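**Q**
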Amino acid sequence: MATTARDSQIQVRVSSTDKEFIRLAAEASGQDLSSFVLQHAKAAADQVLAERSTFTLSDEDYDAFVERLDAPARVLPGLQHLLSRPSPFGDN
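In our numbering, the protein residues as written are 2 to 93.
(1) If the criterion is Cβ atoms closer than 8 Å, does the pair R24 and L34 meet it?
(2) I'd like the span of the alpha helix (DSSP H) that includes D62, first residue to last.
(3) Going by DSSP in three states, G79 sits in which element: helix, strand or coil?
In structure tokens, the structure reads:
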């Protein structure tokens, strides 16, 4: 896996109580404070962006998106097999 150079900073002011609380969580997860904060900030950013209901696309990207929506569904043999089996959760 390629690593990206860390060439920028984010500065956050926190209370000493909050910093110690976060430091303890980082330590408990086996990470340094910076890695822990970055990992969890990125996870939160992923979640926020995944919940967006509006996306802006260029005309070219929109056309490609609509083309894929309009294309016939692909046959996935593994999924077909799975869905043909009885449910493990009861009578369905």
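In this text, a Cβ means the ideal position worked out from N, Cα and C, and glycines have one as well. None of the values given here were measured: they were computed from a predicted structure.
**A** So, from the listed chains and residues:
(1) Residue 24 sits at position 23 when you count from the first residue of the sequence shown. Residue 34 sits at position 33 when you count from the first residue of the sequence shown. Contact: yes.
(2) Locating residue 62 in the sequence shown gives position 61, counting from the first residue. Per DSSP, D62 belongs to the alpha helix (DSSP H) from 60-71.
(3) Along the sequence shown, one-based indexing puts residue 79 at 78. Looking at G79 - three-state DSSP - the assignment turns out to be helix.
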